[in-house]
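Down below is the structure, laid out as structure tokens.
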Ligand code: GLN
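In my numbering, the protein residues as written are 229 to 675.
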């Protein structure tokens, strides 16, 4: 009830929640109390969290930030939701997000922009901006997010919290509404790396319902929290510290790196020479997959249906025209174009080749160091509306996060101090496949 009261107090200004599930939360809290009294409680019994509104939640609205799903109540829970419930968490509701997770500002939500709690005229980042803002504003201690090209790390960085995108395949995508299936990955967001590790323990794990879920023994992601940093080799990609990085962000990141050295780490320059190809490759592959994934929203099976149409074709086109916002339509058009006969080889196949080169870059760099460190975003949170008419400029701000998804590697954002405007700066840590525990340990030592 404490957190519900905080949501009541702060959400009208921040707009971090699309749905507050008051009754569900109170019932779950009572059940957690009873389980604790009976000694049958799960390890996270009673911990209040919220889910990004693209995780399907049985009986609770799941909008994906879109008018298309304004009335969609899922008949089942996503894998992550089931797992966290079993651990005893209490979900207080569903957080705001860019429509279908497409965006870096949270302004494309059909339910209004989210405000950055540090400065309400600034964006919180996106697409998991509702989760990040809710945590930063103290409305909730932890939340789930998803990251296709930075959507956990970038809002975490811009809101001064911690978030980790696990290795592709570690967290089941079952019940996560798909944006770009080969890139999408769920993960935890919280104030600290320790809380993220505890949450990830109950999010990760093999699931037969996701064909890309990796079959591995269960891990304890808290196991490296106490590991000292002495001897840790930290690679600094020279491409991440070049032109385009704001001076104040660089200064904050440099401070965090100095802190790492003080704790016994050494830094070494590495190179990711194909960094400049990550944005063009991503903005072909992600829309291509999105155009295919979003074809299911046709007004027939679920979601918005136009009320007035002549025939089936018009019902499809009107339902989609009314249900999707501008950014989603832009991506569907781009995706359909790059997949079309005659252009497929020039765009989609090329982008897949670049993807391989980018993964090779990381392999090379990670052979020279244990973790890679750099900025999360080139600037602190920018003004609401600043990039609203300039999608390409917004895409360019994804430069440091997107390659990690293309390579399928884990990446984490941890607070690194503040920019000249007093807004938070994130330090990004990138590791080899399945090095989540290590990344969380390094972040914990810094925190
Ligand atoms: N900003 C990127 C995009 O718009 C990443 C979004 C995400 O990770 N979901 O596609």
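We put the CB at the ideal spot given by N, CA and C, even for glycine. Quantities reported herein were computed from a predicted structural model and do not represent experimental measurements.
Distance cut-off 7 Å: residue 378 Cβ against heavy atoms of the ligand GLN: Position 150 of the chain shown, counted from the first residue, corresponds to residue 378. Yes.
Nearest to residue 331 (by Cα), restricted to the options 612, 664, 640 and 675: Numbered from 1 along the chain shown, position 103 holds the residue referred to as residue 331. Of the listed residues, the one whose Cα sits closest to residue 331 is 612.
Neighbour-count burial assignment, residue 299, 16 or more Cβ in a 10 Å radius: Position 71 of the chain shown, counting from 1, holds the residue named residue 299. Under this definition residue 299 is an exposed residue.
Segment limits, beta strand (DSSP E) that includes residue 622: The residue you call residue 622 lines up with position 394 of the chain shown. No beta strand (DSSP E) contains residue 622, which is instead part of the alpha helix (DSSP H) from 619-624.
Cβ-heavy atom distance, residue 330 to the ligand GLN, below 7 Å: Start at 1 with the first residue of the chain shown, and residue 330 comes out as number 102. Within the cutoff, so yes.
Buried versus exposed call for residue 690 [16 or more other C-beta atoms within 10 Å across all chains shown]: Residue coverage of the chain in this structure runs from 229 to 675, which leaves residue 690 outside it and unanswerable.
Proximity below 8 Å, CB of residue 628 to CB of residue 510: As a first step, residue 628 must be located in the chain shown, where it is residue number 400. As a first step, residue 510 must be located in the chain shown, where it is residue number 282. No, these two residues do not count as a Cβ contact at 8 Å.
Residue environment, residue 672, which counts as buried when at least 16 other CB atoms sit within 10 Å: Residue mapping note: residue 672 aligns to position 444 of the chain shown, counting from 1. Classification of residue 672: buried, given that the 10 Å Cβ count is 16 or more.
Coarse secondary structure for residue 632, derived from DSSP in three states: As a working note, residue 632 is residue 404 in the chain shown. Looking at residue 632 - three-state DSSP - the assignment turns out to be helix.
Beta-carbon proximity list for residue 264, same chain, < 8 Å, skipping 5 on both sides: By 1-based counting over the chain shown, the position of residue 264 is 36. 273 and 274.
Same chain, Cβ closer than 8 Å to residue 464, five either side skipped, listed in chain order: Working through the chain shown from its first residue, we reach residue 464 at position 236. Closer than 8 Å at Cβ, skipping near neighbours: 485, 495, 496, 497, 498, 600, 601 and 602.
Beta-carbon proximity check, residue 500 vs residue 593, cutoff 8 Å: As a first step, residue 500 must be located in the chain shown, where it is residue number 272. As a first step, residue 593 must be located in the chain shown, where it is residue number 365. Yes, they are a contact pair.
Cβ-Cβ distance between residue 525 and residue 367 below 8 Å: Along the chain shown, one-based indexing puts residue 525 at 297. Along the chain shown, one-based indexing puts residue 367 at 139. It is not a contact, given that the beta carbons lie outside the stated cut-off.
Residue 407 Cβ short of 7 Å to the ligand GLN heavy atom set: Along the chain shown, read from residue 1 onward, the residue named residue 407 stands at position 179. It does: the Cβ of residue 407 is within 7 Å (strictly closer) of some heavy atom of the ligand GLN.
Burial state of residue 293 (16 or more Cβ within 10 Å): The residue labelled residue 293 in the question sits at position 65 within the chain shown. Buried: at least 16 other Cβ atoms inside 10 Å.
Residue 211 - DSSP class collapsed to helix/strand/coil: This structure gives no information on residue 211, because the portion of the chain shown stretches from 229 to 675.
beta-carbon residue 355 near the ligand GLN non-hydrogen atom, thresh 7 Å: Along the chain shown, read from residue 1 onward, the residue named residue 355 stands at position 127. Yes.
Same chain only: Cβ atoms within 7 Å of residue 349, ignoring 5 sequence neighbours per side: Position 121 of the chain shown, counted from the first residue, corresponds to residue 349. Within the same chain, residue 349 has close Cβ partners 611 and 612.
Cβ contact (3+ pairs, closer than 8 Å) linking the region 663-672 and the region 417-436: yes
Selection from 543, 475, 502 and 520 that minimises the alpha carbon distance to residue 607: Here the question's residue 607 lines up with position 379 in the chain shown. The option with the nearest alpha carbon to residue 607 is 475.
Residue 277, DSSP secondary structure in three states: One-based indexing of the chain shown puts residue 277 at position 49. Residue state, collapsed to three classes: strand.
Beta bridge counterpart(s) of residue 372 as assigned by DSSP: Translated into the one-based positions of the chain shown, residue 372 becomes position 144. Bridge partners of residue 372: 416.
Pairwise C-alpha distance: residue 552 and residue 562: By 1-based counting over the chain shown, the position of residue 562 is 334. By 1-based counting over the chain shown, the position of residue 552 is 324. Approximately 15 Å between the Cα atoms of the pair.
Three-state class that DSSP yields for residue 503 in the structure shown: Locating residue 503 in the chain shown gives position 275, counting from the first residue. Correct three-state label for residue 503: helix.
Touching by the beta-carbon criterion (3+ pairs, under 8 Å), the region 429-449 and the region 399-418: yes
Simplified DSSP state of residue 452, which is helix, strand or coil: As a working note, residue 452 is residue 224 in the chain shown. The answer is coil: DSSP assigns residue 452 none of H, G, I, E or B.
Distance cut-off 7 Å: residue 631 Cβ against heavy atoms of the ligand GLN: Taking the first residue of the chain shown as 1, we reach residue 631 at position 403. False, no ligand heavy atom lies under 7 Å from that Cβ.
Inter-residue spacing [alpha-carbon to alpha-carbon] between residue 388 and residue 303: For this step, residue 388 is matched to residue 160 along the chain shown. For this step, residue 303 is matched to residue 75 along the chain shown. Approximately 35 Å, taken between the alpha carbons.
Distance CB(residue 447)-CB(residue 314) smaller than 8 Å: Here residue 447 is taken as the residue at index 219 of the chain shown, counted from 1. Here residue 314 is taken as the residue at index 86 of the chain shown, counted from 1. Going by C-beta atoms, residue 447 is not nearer than 8 Å to residue 314.
Inter-residue CB distance, residue 658 and residue 506 (contact presumed, cutoff 8 Å): The sequence position of residue 658 within the chain shown is 430, counting from 1. The sequence position of residue 506 within the chain shown is 278, counting from 1. The pair is not a contact, with the Cβ atoms about 13 Å apart (cut-off 8 Å).
Backbone CA spacing between residue 565 and residue 513 [nearest angstrom]: What you label residue 565 is simply residue 337 of the chain shown in a count that begins at 1. What you label residue 513 is simply residue 285 of the chain shown in a count that begins at 1. Going from the Cα of residue 565 to the Cα of residue 513 covers about 11 Å.
Run of the alpha helix (DSSP H) containing residue 238, from where it starts to where it stops: Locating residue 238 in the chain shown gives position 10, where the first residue counts as 1. Residues 230-242.
Closer than 7 Å: residue 371 CB and nearest the ligand GLN heavy atom: To locate residue 371, count along the chain shown from 1; it is residue 143. No, the beta carbon of residue 371 sits no closer than 7 Å to any heavy atom of the ligand GLN.
C-beta contact flag for residue 290 and residue 638 at 8 Å: Residue numbering aside, residue 290 sits at position 62 when the chain shown is read from its first letter. Residue numbering aside, residue 638 sits at position 410 when the chain shown is read from its first letter. Going by C-beta atoms, residue 290 is not nearer than 8 Å to residue 638.
Spatial distance of residue 233 from residue 445 (CA atoms): Position 5 of the chain shown, counting from 1, holds the residue named residue 233. Position 217 of the chain shown, counting from 1, holds the residue named residue 445. Cα-Cα distance, rounded: 40 Å.
Delimiting residues of the alpha helix (DSSP H) encompassing residue 317: If you number the chain shown from 1, residue 317 lands on position 89. Residue 317 -> no alpha helix (DSSP H), and no H or E assigned at all.
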